[in-house]
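Terminal number for the sequence shown in my numbering: 156, no gaps in between.
Glycine included, C-beta positions come from ideal geometry on N, C-alpha and C.
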Amino acid sequence: FLEAVTPVVLGHDVNLFCNASGFDDCCNSHTRRWSRKVNDSETVVLFRGVSSYPEKFTEVMQSGGFSMILKNLNKSDIDVYYTCSYGFYSSKQMLKESYSSNVFLEAVTPVVLGYDVNLFCNASKFDDCCNINTRRWSRIGNGIETVLIDR
Numbered sequence: 006f007l008e009a010v011t012p013v014v015l016g017h018d019v020n021l022f023c024n025a026s027g028f029d030d031c032c033n034s035h036t037r038r039w040s041r042k043v044n045d046s047e048t049v050v051l052f053r054g055v056s057s058y059p060e061k062f063t064e065v066m067q068s069g070g071f072s073m074i075l076k077n078l079n080k081s082d083i084d085v086y087y088t089c090s091y092g093f094y095s096s097k098q099m100l101k102e103s104y105s106s107n108v109f110l111e112a113v114t115p116v117v118l119g120y121d122v123n124l125f126c127n128a129s130k131f132d133d134c135c136n137i138n139t140r141r142w143s144r145i146g147n148g149i150e151t152v153l154i155d156r
């Protein structure tokens with residue numbers, strides 16, 4: 006069966022795993038294929054590990070199956086059916102965006118005690134990300150929130 010094993014978040018890579026653990030010889034004796042269906046048009050994006058679009062799709066062999074990595078997920082990758090096939094067996098799933106959070110915090114520089122750290126607040130999920138009216142940076146220590154920047 007096919008499943009997304011990483012959160013489906015715009016701007017990030019997504020790992021889709023095709024479970025073929027029921028086969029004794031996974032995953033070299035049968036044809037591996039990944040495709041995507043947009044509207045009524047289906048396109049093969051990976052065939053036996055060779056990508057039609059290597060800048061967007063790559064395959065990774067794993068224990069019990071194989072994965073397709075979708076790089077830099079964008080809106081055209083969401084609400085699309087993806088199919089993994091192994092031999093005559095296939096599994097299809099529509100990729101839906103994860104809605105656990107709308108804003109993500111990333112450390113751009115390594116976090117080392119005693120040194121400065123550069124934090125990036127990713128709000129790219131919003132169509133009007135540059136027109137956000139309120140921005141607030143705060144930290145919580147000992148149960149108390151301290152506002153650092155409020156604009």
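Counting along the chain, the unbroken beta strand (DSSP E) around R144 starts and ends at 141 to 146. Remark: three or more beta-carbon pairs, one from each stretch, lie closer than 8 Å, so the region 78 to 96 and the region 12 to 21 are flagged as touching. Ranked by how close their Cα comes to the Cα of I83, the residues L100, E150, E111 have L100 in first place.
By the Cβ-count criterion, L124 is exposed, with fewer than 16 other Cβ atoms from all chains shown falling within 10 Å of its own Cβ. Annotation for S103: P12, V13, V14 place their beta carbon closer than 7 Å to its own, counting only its chain and skipping 5 residues before and after. Within the same chain, and ignoring the five residues on either side of W142 in sequence, the residues whose Cβ sits closer than 6 Å to its Cβ are L153, I154.
Bounds of the beta strand (DSSP E) holding G70 are 70 to 75. Around the beta-carbon of V50, 16 or more other beta-carbon atoms lie within 10 Å, marking it buried.
The criterion of a C-beta distance shorter than 9 Å is not satisfied by G92 and H17.
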